[in-house]
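These protein sequences, in sequence, are chains A and B. Each residue of the first sequence is one higher than the one before, starting from 104 at the first, in the working numbering. Each residue of the second sequence is one higher than the one before, starting from 6 at the first, in the working numbering. Step one of this worksheet: look at the structure below.
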Amino acid sequence: MFVLRNIAISATVYVMPIIIIFILIYGYLKDVKLYETFIEGAKEGLNVSIKILPYLVTMLFAISILRESGAIDMITDISGPLLKLLGIPPEVLPLAFMKPFSGGGSLGITADIISKYGPDSQIGRIASTMMGSTETIFYTMTVYYGAIGIKKMRHTLVCALIAHITGVIASCIICNIVFGV
Amino acid sequence: MINTIWFFMIFIGIVLSFIKGNTAAVMDASLKGAANAVELTIGLIGVMGVWCGVMKIAEKSGLTEAIGKIMHPFMRLIFPDIPKRHPAMGAIILNISSNILGLSNAATPFGIKAMEEMQKLNNNKDRATDSMVMFLVINSACIQIIPSTVISIRSSAGSKNPSEIIITTLIATAMAGLVGIISCKMLERYYE
Numbered sequence: 104m105f106v107l108r109n110i111a112i113s114a115t116v117y118v119m120p121i122i123i124i125f126i127l128i129y130g131y132l133k134d135v136k137l138y139e140t141f142i143e144g145a146k147e148g149l150n151v152s153i154k155i156l157p158y159l160v161t162m163l164f165a166i167s168i169l170r171e172s173g174a175i176d177m178i179t180d181i182s183g184p185l186l187k188l189l190g191i192p193p194e195v196l197p198l199a200f201m202k203p204f205s206g207g208g209s210l211g212i213t214a215d216i217i218s219k220y221g222p223d224s225q226i227g228r229i230a231s232t233m234m235g236s237t238e239t240i241f242y243t244m245t246v247y248y249g250a251i252g253i254k255k256m257r258h259t260l261v262c263a264l265i266a267h268i269t270g271v272i273a274s275c276i277i278c279n280i281v282f283g284v
Numbered sequence: 006m007i008n009t010i011w012f013f014m015i016f017i018g019i020v021l022s023f024i025k026g027n028t029a030a031v032m033d034a035s036l037k038g039a040a041n042a043v044e045l046t047i048g049l050i051g052v053m054g055v056w057c058g059v060m061k062i063a064e065k066s067g068l069t070e071a072i073g074k075i076m077h078p079f080m081r082l083i084f085p086d087i088p089k090r091h092p093a094m095g096a097i098i099l100n101i102s103s104n105i106l107g108l109s110n111a112a113t114p115f116g117i118k119a120m121e122e123m124q125k126l127n128n129n130k131d132r133a134t135d136s137m138v139m140f141l142v143i144n145s146a147c148i149q150i151i152p153s154t155v156i157s158i159r160s161s162a163g164s165k166n167p168s169e170i171i172i173t174t175l176i177a178t179a180m181a182g183l184v185g186i187i188s189c190k191m192l193e194r195y196y197e
């Protein structure tokens, strides 16, 4: 298992260069002007980054207020007893509520839970699984819709949150099945 | 909807800070958050530049189109309104594969490219299409083969088997993704 993991992790190091060299060779064989084309793309990248900035400022401003005020802790306290019935231990709730908003924030909570309860405790395993199973929805929505100027997001948030809740509940159930309670 | 959510995020946060008496810290954090957005963007410019450059070569050489064509039978089920030879398909596949491989740096530029291509197919430029929503929901339940950040945290905390959560993470993500896709298909007709 240990050897397998090392192979898998070192394999990820080679993924990026392999993709790049493959695309470059393919382009070279197809007579694409590599240098000029790359610059053309880099220019587009620059424009998109600058276009996203105001959206990111607007969203991170609001997320920071919500996070720092302790609102997420309060929601955790209120909904704790109810969610315990679903098999979600109250210790991992701050993570479940933080994850949609902030990647850095939820990583901090995960590290905190792991050091407090131990990486090989049931709580630690559930938190680790949860951390890897969903993305920061608000950030992704802000960046992707901001880049193309979409205003009506329709069912995006509802469905993304449904997926997120599924991930949270599934993490608890699967860890209980695989590692035993 | 986003207007209401944004308002309540700030409203709840500020009112709560009055009650708890930590208003100064909250305001300080809010400005740091905004400054952080600029830092993030500056970091993003370089990475975006590189990957958009690579992406452009893949596009001009016809590689994106070729990948899109190969994967089309599977993708047609999830993204029915994207035509076979459209570059959006290639960009979506590159985004999802980067997510799976844990190349989050590359995933964002590919994802934005996919959104731009899907926007070209959109008749109402303010409104997200079914495919865009589907794409975002799939992205928010990102499947990743090796959750390397979590493994390294566990490892440094002295875990006996840091990678034991790979399987559980995979199953949990797959379930989140599946439920996300199904809910998208079910709800898309109810949202104008």
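Every residue gets a Cβ at the ideal spot worked out from N, C-alpha and C, and that includes glycine.
Taking 8 Å as the upper bound for CB-CB distance, A42/B and A273/A are not in contact here, some 32 Å apart. In summary, V142/B is buried, with 16 or more beta-carbon neighbours lying within 10 Å of its beta-carbon over all protein chains present. Residue environment: Y248/A is assigned as buried (16 or more neighbouring CB atoms within 10 Å of its CB, all protein chains considered).
In this structure, A145/A keeps its C-beta atom at 9 Å or more from the C-beta atom of G95/B.
For N41/B, the neighbours in chain A by C-beta distance under 7 Å run, in chain order, L163. No Cβ of chain A is located within less than 9 Å of the beta carbon of L126/B. Beta-bridge annotation (DSSP): K255/A is paired with R132/B. Within the segment 58-75 of chain B, G58, V59, M60, K61, I62, A63, K65, S66, G67, L68 place their CB atoms closer than 7 Å to a CB of chain A, listed in sequence order. The beta carbon of G95/B does not come within 9 Å of any beta carbon belonging to chain A, so the residue lies off that interface.
Annotation: the continuous alpha helix (DSSP H) that includes Q124/B extends over 109-125. Comparing C-alpha distances from I276/A to each of K254/A, M233/A, I128/A, I155/A shows the shortest one belongs to M233/A.
Contacts with chain B at 9 Å (Cβ-Cβ) do not include G183/A. The beta carbon of M256/A sits closer than 9 Å to some beta carbon of chain B.
Secondary structure at H91/B: coil, using DSSP grouped into helix, strand and coil.
With respect to the 9 Å criterion, K65/B and V135/A are classified as neighbours on the basis of their beta carbons.
For S145/B, the secondary structure class from DSSP, reduced to helix, strand or coil, is helix. For Y117/A, no chain B residue has a C-beta closer than 7 Å to its own C-beta; the minimum C-beta separation is roughly 10 Å. Put simply, the backbone Cα of A214/A is about 17 Å away from that of I171/B.
Counting along the chain, the unbroken alpha helix (DSSP H) around A30/B starts and ends at 28-65.
G221/A is not a Cβ neighbour of N279/A, given a cutoff of 9 Å.
The shortest CA-to-CA distance from E139/A to any of K125/B, I62/B, I151/B is the one to I62/B.
Using a Cβ-Cβ cut-off of 9 Å, L188/A does not count as an interface residue toward chain B, since no Cβ of chain B sits closer than that to its own. When the alpha-carbon of G252/A is set against those of D131/B, T174/B, V155/B, L183/B, the nearest one is in D131/B. Among the residues facing chain A, I7/B is included, as its CB has a counterpart in that chain under 9 Å away.
Rounded to the nearest whole angstrom, the C-alpha separation of I24/B and S35/B is 17 Å.
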